[in-house]
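Trainee: Just dropping this structure here.
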Amino acid sequence: MVNRNKVIQAVAGSGKTYYGTHELIKDKRCLYLTFTNGNVKNINRELRDAKSDLGNCEVMTFSKFICNWFIQPFFPILSPKLEFFNGYSIEEPPENSRNKNNGYIKKAYKGHYVDDKGRLYLNRISELITSQDKSNLELMYKRIQKFIDLIIIDEYQDLTGKDFDLLKLLVKQQYFEVILTGDLFQAGVSKSSRRKESKLLEFKNESENMEDFLKEKLGTRSIKVILDALPVSRRISIDCAKFVSVKLGINIESYGYSKAKVHLIKDTSELFTIASDGLTILTYNKSVKHNLFNDENYNNWSYVKGDTCDNVLVVLTKNTDSILTGKLSPKVKPKIRNMLYVALTRAKGELYLVSALVWKEANFN
2 MVNRNKVIQA
12 VAGSGKTYYG
22 THELIKDKRC
32 LYLTFTNGNV
42 KNINRELRDA
52 KSDLGNCEVM
62 TFSKFICNWF
72 IQPFFPILSP
82 KLEFFNGYSI
92 EEPPENSRNK
102 NNGYIKKAYK
112 GHYVDDKGRL
122 YLNRISELIT
132 SQDKSNLELM
142 YKRIQKFIDL
152 IIIDEYQDLT
162 GKDFDLLKLL
172 VKQQYFEVIL
182 TGDLFQAGVS
192 KSSRRKESKL
202 LEFKNESENM
212 EDFLKEKLGT
222 RSIKVILDAL
232 PVSRRISIDC
242 AKFVSVKLGI
252 NIESYGYSKA
262 KVHLIKDTSE
272 LFTIASDGLT
282 ILTYNKSVKH
292 NLFNDENYNN
302 WSYVKGDTCD
312 NVLVVLTKNT
322 DSILTGKLSP
332 KVKPKIRNML
342 YVALTRAKGE
352 LYLVSALVWK
362 EANFN
């Protein structure tokens with residue numbers, strides 16, 4: 002069979018959720034998977050707006066998907082044998098380390114996956130499924146096929162570790178269609194505290210081909226990578242799109258709905274002039290504040306992922322100040338670049354940038 006599975010790259014503010022709920026489903030029985038409960042609500046709202054047949058659509062988190070479709074229906078045949086199901090635990094199990102007395106149990110034994118009360122560790126459910134033999138996995142896929150034609154995984158770049166390993170298995174199977182939607186340049190940026198650090202998707206756009214990169218990371222050459230489906234942002238201004246493209250090397254366009262501009266703050270007097278209760282201030286570290294603005298105006302670069310703001314002030318760091326006079330320094334790590342990209346693409350209004358030095362000089366504390 003031909004692998005129908007695909008990845009759709011979408012720039013910030015391009016209407017990815019709208020596209021996934023209005024354009025992709027086409028009378029199919031769809032299961033939408035996302036990383037956070039907040040995104041579950043967003044997708045459900047878009048489905049209602051699209052007047053979709055909600056009887057054919059279901060939305061859940063990736064973790065709930067594993068529990069409902071892989072673990073509970075097949076609990077008696079899982080390996081290692083877990084004996085009885087007693088729910089799930091959010092506690093962190095002991096990790097493998099040089100300390101042989103820390104309670105770590107190898108993955109060949111049930112104690113690796115369940116606590117002493119028989120509850121499955123939530124952060125090991127993906128590992129449990131990826132460790133199953135081919136025959137068990139085939140049974141799981143065939144059951145999904147009976148009820149689902151298409152699985153759309155939203156913000157796929159947020160999946161890391163064993164979750165990402167399970168994602169790789171899903172895009173290789175051919176029982177049902179899988180579409181991954183997201184923005185590779187937002188990898189490593191997440192509001193969730195459950196997310197663990199990973200270098201799986203550290204894409205260096207200066208020297209790598211995105212299609213080849215994704216196929217290598219997903220472990221299959223047969224998956225289709227679509228890079229031009231959603232290249233235009235509905236949120237940001239033309240000026241902002243040009244700034245991000247030139248300074249960060251991330252190709253993004255704008256529909257031009259916003260006529261706002263990008264403003265580079267040169268000194269403290271300019272900073273004082275734009276001070277306003279209606280301005281959102283984005284800092285790398287939310288604790289970097291001073292009394293010029295109210296506390297509720299502040300947020301982290303990464304914590305505004307998925308948000309749309311009016312006018313935004315981005316406070317740069319010493320390592321990212323280079324975009325004020327040239328391009329982003331190649332020494333900046335991909336994760337930091339991605340966080341800055343998120344911050345720069347939140348404003349539907351005016352975008353202001355201030356250097357770390359000017360911000361420090363304006364410390365009114």
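With my numbering applied, the sequence shown covers 2 to 366. In this text, a Cβ means the ideal position worked out from N, Cα and C, and glycines have one as well. Computed from a predicted model, the values in this text were never measured in an experiment.
Starting from residue 155, trace the beta strand (DSSP E) in both directions and tell me its first and last residue.
Mentor: Along the sequence shown, read from residue 1 onward, the residue named residue 155 stands at position 154. First-last of the beta strand (DSSP E) with residue 155: 151-155.
Trainee: Label residue 326 either buried or exposed according to how many other C-beta atoms from any shown protein chain fall within 10 Å of its C-beta, with 16 as the threshold for buried.
Mentor: If you number the sequence shown from 1, residue 326 lands on position 325. That one is exposed.
Trainee: Residue 60: buried (16+ other C-beta within 10 angstroms of its C-beta) or exposed?
Mentor: The residue labelled residue 60 in the question sits at position 59 within the sequence shown. Per the 10 Å Cβ criterion, buried.
Trainee: From the DSSP secondary-structure annotation, give me the bridge partner or partners of residue 59.
Mentor: Counted from its first residue, the sequence shown places residue 59 at position 58. Its beta-bridge partners are 32.
Trainee: Where do the ends of the alpha helix (DSSP H) carrying residue 300 lie?
Mentor: As a first step, residue 300 must be located in the sequence shown, where it is residue number 299. Where residue 300 is concerned, there is no enclosing alpha helix (DSSP H), although the beta strand (DSSP E) it sits in stretches over 299-301.
Trainee: Take the Cβ of residue 358 as the centre, count every other Cβ of all protein chains shown within 10 Å, and call the residue buried at 16 or more, exposed below.
Mentor: Sequence index remark: in the sequence shown, residue 358 carries index 357 (1-based). So residue 358 counts as exposed.
Trainee: To test your reading of the DSSP string, which unbroken beta strand (DSSP E) runs of 3 or more residues are found completely within the region 93-154?
Mentor: Listed in chain order, nothing qualifies, since the region 93-154 has no complete beta strand (DSSP E) run of 3 or more residues.
Trainee: If I measure Cβ to Cβ from residue 284 and keep anything under 6 Å in the same chain, skipping five residues before and after, which residues do I get?
Mentor: Taking the sequence shown and counting its residues from 1, the one referred to as residue 284 is at position 283. So the list reads 316, once near-sequence residues are dropped.
Trainee: Quick test of the definition: if touching needs 3 or more C-beta pairs under 8 Å, does the region 137-154 touch the region 112-128?
Mentor: With a cut-off of 8 Å, the region 112-128 and the region 137-154 do not count as touching, because too few Cβ pairs lie within range.
Trainee: What's the C-alpha gap between residue 159 and residue 354?
Mentor: Position 158 of the sequence shown, counted from the first residue, corresponds to residue 159. Position 353 of the sequence shown, counted from the first residue, corresponds to residue 354. Spanning the two alpha carbons is a distance of roughly 27 Å.
Trainee: Please list, in chain order, all residues of the same chain as residue 130 whose beta carbon is under 7 Å from its beta carbon, the five residues on each side excluded.
Mentor: Mapped onto the sequence shown, residue 130 falls at position 129. Contacts found: 67, 71, 167.
Trainee: Using C-beta distances below 6 Å, list every residue in its chain close to residue 179, excluding the 5 sequence neighbours before and after it, in chain order.
Mentor: Looking up residue 179 in the sequence shown gives position 178. The answer, listed in chain order, is 6, 152, 171, 172.
Trainee: I'd like to check one pair, residue 310 with residue 348: are the Cβ atoms closer than 7 Å?
Mentor: Mapped onto the sequence shown, residue 348 falls at position 347. Mapped onto the sequence shown, residue 310 falls at position 309. Yes, they are a contact pair.
Trainee: Report the CB separation of residue 104 from residue 95 in whole angstroms; it is logged as a contact under 8 Å.
Mentor: Residue numbering aside, residue 104 sits at position 103 when the sequence shown is read from its first letter. Residue numbering aside, residue 95 sits at position 94 when the sequence shown is read from its first letter. About 4 Å; that satisfies the 8 Å criterion.
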